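12 is the number of the first residue of the sequence shown in this note's numbering; add one for each residue after it. For glycine and all other residues, C-beta sits at the position ideal for the given N, C-alpha and C. These numbers were taken from a predicted model, which means no experiment stands behind them.
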Amino acid sequence: MSAVSRKLGILGLGLALAVPAWAAQEADFLPIQQSLDTVWVLIAAFLVFFMQAGFGMVEAGFIRAKNTCNILTKNFLDFCMASLGFYLVGYALMFGSGNGFIGTHGWLLMGLEERVGTLPLHAFWLFQAAFCGAAATIVAGGMAERMKFIAYLMYSFIISALVYPVVGHWIWGGGWLSKMGFGDFAGSTVVHTVGGIAALAGTLILGPRYGKYGIDGKPRAIAGHNIPLASLGVFILWFGWFGFNAGSTLSASNGGMDISRIALNTNLAAALGGIAAMMTVWFRFGKPDLSMAMNGALAGLVGITASCAFVEPWAACVIGFSSGILVVLGVELLDKLQIDDPVGAVPVHGMCGIWGTICVGLFGKASLGLANNGFFYGANPLQLGIQIVGSAVTVLFVFVSMGLIFNLIDWTVGLRVTQDEEMRGLDIGEHGMEAYAGFQVFSTM
Numbered sequence: 012m013s014a015v016s017r018k019l020g021i022l023g024l025g026l027a028l029a030v031p032a033w034a035a036q037e038a039d040f041l042p043i044q045q046s047l048d049t050v051w052v053l054i055a056a057f058l059v060f061f062m063q064a065g066f067g068m069v070e071a072g073f074i075r076a077k078n079t080c081n082i083l084t085k086n087f088l089d090f091c092m093a094s095l096g097f098y099l100v101g102y103a104l105m106f107g108s109g110n111g112f113i114g115t116h117g118w119l120l121m122g123l124e125e126r127v128g129t130l131p132l133h134a135f136w137l138f139q140a141a142f143c144g145a146a147a148t149i150v151a152g153g154m155a156e157r158m159k160f161i162a163y164l165m166y167s168f169i170i171s172a173l174v175y176p177v178v179g180h181w182i183w184g185g186g187w188l189s190k191m192g193f194g195d196f197a198g199s200t201v202v203h204t205v206g207g208i209a210a211l212a213g214t215l216i217l218g219p220r221y222g223k224y225g226i227d228g229k230p231r232a233i234a235g236h237n238i239p240l241a242s243l244g245v246f247i248l249w250f251g252w253f254g255f256n257a258g259s260t261l262s263a264s265n266g267g268m269d270i271s272r273i274a275l276n277t278n279l280a281a282a283l284g285g286i287a288a289m290m291t292v293w294f295r296f297g298k299p300d301l302s303m304a305m306n307g308a309l310a311g312l313v314g315i316t317a318s319c320a321f322v323e324p325w326a327a328c329v330i331g332f333s334s335g336i337l338v339v340l341g342v343e344l345l346d347k348l349q350i351d352d353p354v355g356a357v358p359v360h361g362m363c364g365i366w367g368t369i370c371v372g373l374f375g376k377a378s379l380g381l382a383n384n385g386f387f388y389g390a391n392p393l394q395l396g397i398q399i400v401g402s403a404v405t406v407l408f409v410f411v412s413m414g415l416i417f418n419l420i421d422w423t424v425g426l427r428v429t430q431d432e433e434m435r436g437l438d439i440g441e442h443g444m445e446a447y448a449g450f451q452v453f454s455t456m
């Protein structure tokens, strides 16, 4: 045997021994990776759940004191109703095997695989249930201070069990939009457009609060009672949004590169949104309004949610800044149309959710995981067209379905409290209690 042959034989023997060793090492690493992914996603789920407190504080701060208990009870119970509806029906419709429009398997989580990728089914469900609850709670702000509590409970169960999961299946459950290459990484469409457009449909049917618009049609300011409380809520939401967006990786792999970029983009968009809204309202009305700056930060967060994994940091700044301007203009538009949205749920979540979805088709990059490059990378309109189609269909579906649901609730138990209850406050009329016991908070406004 020649020296070359001996060397080749030794090399082959070495490879034969090394391959099983590498395979064994990879097999040993898999449980570690699964554990890391599970811990990461559960932490993110806890952060998203904590956002319920943020929504509650924002909405409570932006409304009158006499309705504080009512709005907090709605925020508390809608997550309870969302958890139940998503467990019984919603998860199966959203992630169960079926067709391009709905899932048809997995009711009560029965008959499903124990793992979804590297995650235990129960961890994946908890993360998705937190998202479902976020979509449901958005509507509370838009319909605040005049909606019956029993009607709200009915709504929150139905949207969580039937409406939100259908859109989620289209985009995240392997449905028809997913197959088209529609990009919504963390929910500008699935969560925020759904919640914002549902709020729009409900607000139109419910009508404005008494005294919001004068005989001449001009809006009257109804000030929120606790801006510090609303500020705390915005900081909680900003904090929780890192779990909302970065947690949507559903994995802690890739050396943390994806998580880090997503967190950076999330923060930049929020910061630029707050700055842009403050500058816009300062220029238009002469004062740097804190409440509008806070809604600007939330608008930036909503705007970046769809594209947080698909764009560079400079694009996140553009998306956040433009969202901050849009939310101010959106609030003005609603007032001109006499659509009463006490906390700005429709401009923040509906309008900026749509804009954020479209931005995927403008600024997204295929090298970062998107199906196609956005328009600003090669002037290819394909991804932009897909985003517009997906957003338009979602808006139409949610507006029509929730319009029917709110009308059905109105015809059965009634949607709105009486004028006397509204004037006294829903805390007393609906719950027989006060948020600030011992303080006189009655108002005829």
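Check: Can you tell me the Cα-Cα spacing of residue 321 and residue 256, whole angstroms?
Finding: 12 Å
Note to self: Just to confirm before moving on: does the CB-CB distance between residue 399 and residue 372 stay below 9 Å?
What the structure shows: yes
Check: From this set, 162, 397 and 88, which residue's C-alpha is nearest residue 419's C-alpha?
Finding: 162
Notebook entry, point to check: Hey, out of 307, 281, 446 and 55, whose CA is closest to residue 291's CA?
Noted result: 307
Checklist line | CB contact check: residue 415 to chain D, cutoff 9 Å | finding: In summary, chain D is missing from the structure at hand, where a single protein chain is found.
Margin query: Rounding to the nearest angstrom, what Cα-Cα distance links residue 153 and residue 352 in this structure?
Written below: 5 Å
Item checked: residue 203 and residue 273 closer than 9 Å at C-beta -> no
Item checked: Proximity test, residue 78 beta-carbon vs the ligand NAD heavy atom, cut-off 8 Å -> Ligands in the displayed structure: none, and consequently the ligand NAD is not present.
Notebook entry, point to check: Roughly how many whole angstroms lie between the Cα atoms of residue 111 and residue 183?
Noted result: 11 Å
Next item on the list: Would you kindly report the start and end of the unbroken alpha helix (DSSP H) that includes residue 179?
Entry: 175 to 183
Check: Taking three-plus beta-carbon pairs below 8 Å as touching, is the stretch 91 to 102 in contact with the stretch 169 to 176?
Finding: yes
Notebook entry, point to check: Quick one: what's residue 381 bridged to in DSSP?
Noted result: DSSP output for residue 381 lists no bridge partner at all.
Notebook entry, point to check: Are the stretch 421 to 435 and the stretch 225 to 244 in contact at 8 Å, needing three or more beta carbon pairs?
Noted result: no
Note to self: Tell me the rounded alpha-carbon separation between residue 211 and residue 394.
What the structure shows: 27 Å
Margin query: Let me make sure I understand the geometry here. Which of 56, 248, 72 and 181 has the alpha-carbon closest to that of residue 142?
Written below: 56
Next item on the list: Compute the beta-carbon to beta-carbon distance between residue 217 and residue 53, rounded to the nearest angstrom, for a pair I have assumed lies under 8 Å.
Entry: The Cβ separation is near 37 Å, so there is no contact.
Check: In the structure shown, what three-state DSSP assignment does residue 353 receive?
Finding: coil
Notebook entry, point to check: What's the C-alpha gap between residue 381 and residue 238?
Noted result: 39 Å
Notebook entry, point to check: Going by other Cβ atoms of all chains shown within 10 Å of its Cβ, with 16 needed for buried, is residue 365 buried or exposed?
Noted result: buried
Margin query: Quick check on the DSSP output: what are the complete alpha helix (DSSP H) runs of length 4 or more inside the stretch 243 to 314, in order along the chain?
Written below: 268 to 296
Note to self: Rounded to the nearest angstrom, what separates residue 61 and residue 50 at their Cα positions?
What the structure shows: 17 Å
Next item on the list: Put residue 102 into one of helix, strand or coil per three-state DSSP.
Entry: helix
Next item on the list: Since I believe residue 331 is in contact with residue 288 (beta carbons under 8 Å), could you give me their beta-carbon distance rounded to a whole number of angstroms?
Entry: Contact flag wrong, Cβ pair sits at about 10 Å.
Notebook entry, point to check: For residue 302, which of 48, 65, 69 and 41 has the nearest alpha-carbon?
Noted result: 69
Check: How many whole angstroms separate the CB atoms of residue 97 and residue 63, which I take to be in contact at a CB cut-off of 8 Å?
Finding: The pair is not a contact, with the Cβ atoms about 14 Å apart (cut-off 8 Å).
Margin query: Assess contact between the stretch 238 to 247 and the stretch 69 to 78, defined as three or more Cβ pairs (one per stretch) separated by less than 8 Å. Is contact present?
Written below: yes
Notebook entry, point to check: residue 114 bridges to which residues according to DSSP?
Noted result: 109
Next item on the list: Name the one or two DSSP bridge partners that residue 130 has.
Entry: 127
Next item on the list: Pick helix, strand or coil for residue 413, following the three-state DSSP scheme.
Entry: helix
Next item on the list: Would you grab the beta carbon distance between residue 397 and residue 335 for me? Rounded to a whole angstrom, and I think it's under 8 Å.
Entry: Not confirmed; about 26 Å, so no contact.
Margin query: Rounded to the nearest angstrom, what separates residue 48 and residue 124 at their Cα positions?
Written below: 17 Å
Next item on the list: Identify every residue that forms a DSSP beta bridge with residue 62.
Entry: According to DSSP, which records beta bridges pairwise, residue 62 is partnered with nothing at all.
Next item on the list: Work out the CA separation of residue 234 and residue 59 for me, nearest whole Å.
Entry: 28 Å
Next item on the list: Please confirm whether residue 92 and residue 147 have their CB atoms less than 9 Å apart.
Entry: yes
Margin query: Only counting the same chain, and skipping five residues up and downstream in sequence, which positions put a Cβ closer than 7 Å to that of residue 83?
Written below: 67 and 71
Item checked: Sheet register partners of residue 75 (DSSP bridge) -> Paired residue(s): none; residue 75 is not in a bridge.
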